[in-house]
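These notes concern the structure reproduced below.
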Amino acid sequence: MIITLVSPPDCPNCAELQAEIDELKNRYSELEVAHIDALSPEGEKLVLQHGILASPGVLVDSQFFGMGAISIEKLESHITTGS
Amino acid sequence: MYDMAVIGGGPAGMIAATTAARRGLKVLLVADSLQGQLGKIDQIENWPGETRVTGSQLAASFAKQVTEPGNSIDCRKSTAAGIRRAGQLLKITLAGGDTVTARTAIIATGVRHGTLGLPGEKELSSKGVSYCVTCDGPYFRGKKVAVIGSPEQALVMAQQLSRIGAYAYLLQSRPVQPAFSYDRVTLLPKGWPVEIIGDQKVAALRYHGDHSNNMAEELPVSGVFIAAERMPNTEFTDGILDLNEDGYISVDCRTMAASVPGVYAAGDVTSGPHKQITTAVGDGVKAALSATQYIETQLKREIKA
C-alpha cells in the first residue's frame, strides 16, 4: 500500500502529519510513503486531477483520500479496514 | 530534574534552549515541532546577515543547533498542559499526564492563528479556506482569491499570493491604504466579509462593499485566505501567571521575568510590543541569561543555608 503526499516544498502544516505517518510506517511494514512536489509537473497533474486545494493532498494507492487537516485515525482505519 | 524547561519550539524557545545549554545548564525543550510560526513564513528579508531566507530554512538551522550532538538539551515532543510552583521548584505537566520538574521555565509557546467565525469558514476549511499561503497558495495560481485580515498581515499574504500568480482581493479589518500598489492585488477599501459560499469548495465571498449600507455583494473567488488576529497559547498557565487583557504573558521586558519567580517568557506569547523573529530571538537570549542568573542566586542561597 502506498500513501502519496502531495505538497509544495517547505509546507509547515505538513510536518505534523508526516511525523504521524512515519509512526504508522513503523507499525505497518507493508506501508510505503511517497512525496510529490505539488509544483512539479507530476504534482500539478495530480492537483488538477484530484482538485487538491490544501496541503498535503493525500492519496492511498493512487486514490484520493483527503487534503489539509487529515485525521491520522481515519487514515489508519482506511489502511487497515478500507473504510 | 532539569535546570530549565523551555516550553515551545519556535525561534524564542530554540535560542533560549541553546543559550542555556551553552551556559552549562541541563535543559528540557518541550515542543510539538522545532519551527513554531517560523515555518509558515515564506520569505524573510530582515534576518541579520541574510539577504533573503525562507522561514523553514531558518527554522532548520535553529533546530540543528538544538539537536547538535553533545548538547545538554533533551527534546520532548509534547505540549504543556499545566505549570505550578512547588517550593523553590516548578512542576510542569505535559499533555499525556507526565510531570517534569525544573528550577526555571521559559515559556515560548507563541501564538496560533485566530478565525473570523464567518458562516462557511469552518465548513470550507481545507476546501478553499486557508490560513497558510506557504502551504496552500500554490493551488491558486492564476485564480482569484480573497485575503481577509489585519492590514499588515493581510497585505503580506496578498503579496505572497501575487508572487505565486494568484489574483488577490484584499479586505482589511481597518482600512489602510498600502504604501505601494502591487501587481494582481486589488484593495476593496471598505469591504468586510459576511459569508463564505460554496458546497464542496469555495465559490464566492459575500461582503459588504461599503459600511454605510447593508447591501452585501458577491465576489466570485476560488479561495479565501484569512489572516485573523492571533491568539496567545497561554491557556495552560491557567491563573498561575499574570496575563494582559489580551491573554499575553506580562513580563518585565528587561529580564523577561513573568509574575512567578523562576518563570520567564519569550517571543510572541509575551506582552512585549514587537512581534518579529529578531525580537523573539532577543527575548529568548535575555530570558535564558536571566534564568541562569536566577539559578546561580538560588544555588548560592542554598549553599549559605
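So the protein lines, in turn, are chains A and B. 1 is the number of the first residue of the first sequence in this note's numbering; add one for each residue after it. 1001 is the number of the first residue of the second sequence in this note's numbering; add one for each residue after it. Where a beta carbon is used, it is the ideal one built from N, C-alpha and C, also for glycine.
Whether residue i touches residue j by CB criterion (8 Å)
i	j	result
residue 1205(B)	residue 1189(B)	no
residue 1104(B)	residue 1228(B)	no
residue 1282(B)	residue 1251(B)	no
residue 1137(B)	residue 1161(B)	yes
residue 1144(B)	residue 1048(B)	no
residue 1268(B)	residue 1110(B)	yes
residue 58(A)	residue 1139(B)	no
residue 55(A)	residue 26(A)	no
residue 1030(B)	residue 1079(B)	yes
residue 1303(B)	residue 1003(B)	no
residue 1005(B)	residue 1086(B)	no
residue 1153(B)	residue 1182(B)	no
residue 1287(B)	residue 1007(B)	no
residue 75(A)	residue 65(A)	yes
residue 1311(B)	residue 1108(B)	Nothing about residue 1311(B) can be reported from this structure: the residues present for chain B run from 1001 to 1305 only.
residue 1179(B)	residue 1141(B)	no
residue 38(A)	residue 7(A)	yes
residue 1043(B)	residue 1054(B)	yes
residue 1064(B)	residue 1032(B)	no
residue 31(A)	residue 3(A)	yes
residue 1255(B)	residue 1243(B)	no
residue 1061(B)	residue 1021(B)	no
residue 1038(B)	residue 1069(B)	no
residue 1224(B)	residue 1129(B)	yes
Chain A contact residues for residue i, given Cβ-Cβ distances below 7 Å
i	result
residue 1056(B)	10 and 12
residue 1130(B)	54
Residue range of the unbroken beta strand (DSSP E) whose run includes residue i
i	result
residue 1077(B)	1073-1077
residue 1220(B)	1216-1220
residue 1085(B)	1080-1086
residue 1113(B)	Unbroken run through residue 1113(B): none, as it is neither H nor E.
residue 1007(B)	1002-1007
residue 1208(B)	1202-1208
residue 57(A)	57-60
residue 1192(B)	1192-1198
residue 1225(B)	1223-1227
residue 65(A)	63-67
residue 1092(B)	1089-1094
residue 1030(B)	1027-1031
residue 1107(B)	1099-1107
residue 1257(B)	Taken as a continuous stretch (DSSP letters only), residue 1257(B) belongs to no beta strand (DSSP E), as it is neither H nor E.
residue 1265(B)	1263-1265
Residue span of the alpha helix (DSSP H) that contains residue i, given as start and end
i	result
residue 1297(B)	1277-1304
residue 1015(B)	1011-1022
residue 79(A)	72-81
residue 1055(B)	1055-1066
Within chain B, the residues that residue i reaches when beta carbons sit closer than 8 Å
i	result
residue 16(A)	1032 and 1033
Beta-carbon neighbours of residue i, restricted to chain B and to distances below 7 Å
i	result
residue 85(A)	Residue 85(A) lies beyond the residue range present for chain A, which begins at 1 and ends at 83; the question has no answer from this structure.
residue 67(A)	1126
Where residue i meets chain A, residues with beta-carbon distance less than 9 Å
i	result
residue 1201(B)	51 and 53
residue 1039(B)	10, 11, 12, 13 and 15
Residue i at chain C interface by Cβ criterion, 8 Å
i	result
residue 1204(B)	Of the chains in the structure shown, none is chain C; the protein chains are A and B.
Inside the stretch 1122-1184 of chain B only - beta strand (DSSP E) runs reaching at least 3 residues: 1144-1149 and 1167-1172
Give, in chain order, every residue of the stretch 26-60 of chain A whose Cβ lies closer than 8 Å to some Cβ of chain B. 38, 39, 47, 51, 52, 53, 54 and 55
Unbroken stretches of the beta strand (DSSP E), 3 residues or longer, contained in the stretch 5-48 of chain A: 32-37
Against chain A: residues of the stretch 1128-1159 of chain B by CB proximity under 7 Å: 1128, 1130, 1132, 1134, 1135, 1136, 1138 and 1139
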